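In the numbering used here, the protein residues as written are 52 to 211.
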């Protein structure tokens, strides 16, 4: 049975086909699909499993092992809080608690308005200015609870 993808998933088949014959192709396929679609869909998992002759459970096992892969759509703004030791020593644990409370979500969730999603990351490579966050492709350092709220308020205004 061929699974039909609807837009924006139409490129998933091409991604799999272009990478499936390379050694160790699963991770590059997952990265490419997530970059193209924003997350790994259940349909993509089924198609990857079929094309790589693996079970969907094996594919899902790899996805769940690596924190950077998503199985649900992200918010417009994808917030990542650094949880590496340097950032923890500078207050990232307190920032985590505040961010979850402020957004009323936990890690790997999205706000009801679909504006923000929250994830953890282990080292953003900006250790001297921790605690650090990344929102989409923008890196922010020395994040206090107040600065976190200000940044999100500014982003929220941009959406209006």
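Glycine residues also receive a C-beta, built at the ideal position from the N, C-alpha and C atoms.
The structure presented is a predicted model; accordingly, all values stated were derived computationally and were not measured.
Environment of residue i [buried if 16+ CB atoms lie within 10 Å]
i           : result
residue 55  : Low local confidence applies: a pLDDT of 45 at residue 55 is under 50, so the model's placement there is unreliable, and no value is given.
residue 193 : exposed
residue 52  : The pLDDT assigned to residue 52 is 40, lower than 50, so where the model puts this residue is not dependable; a value taken from the coordinates is nonetheless given after this. That one is exposed.
residue 98  : buried
Beta-carbon proximity list for residue i, same chain, < 7 Å, skipping 5 on both sides
i           : result
residue 84  : 63, 66, 91 and 95
residue 191 : 183, 184 and 202
residue 156 : 162 and 169
residue 105 : none
Nearest-angstrom Cβ-Cβ length linking residue i and residue j, presumed shorter than 8 Å
i           : j           : result
residue 125 : residue 168 : 4 Å
Same chain, Cβ closer than 8 Å to residue i, neighbours up to 5 away in sequence not counted
i           : result
residue 198 : 191
residue 147 : 132, 134 and 171
residue 200 : 153
residue 158 : 151, 169, 170 and 171
Below-8 Å beta-carbon distance, residue i vs any chain C residue
i           : result
residue 143 : In the structure shown, chain C does not exist; there is a single protein chain.
Residues bridged to residue i [DSSP beta-bridge criterion]
i           : result
residue 117 : Note: residue 117 sits in no beta bridge, so no partner.
residue 191 : 184
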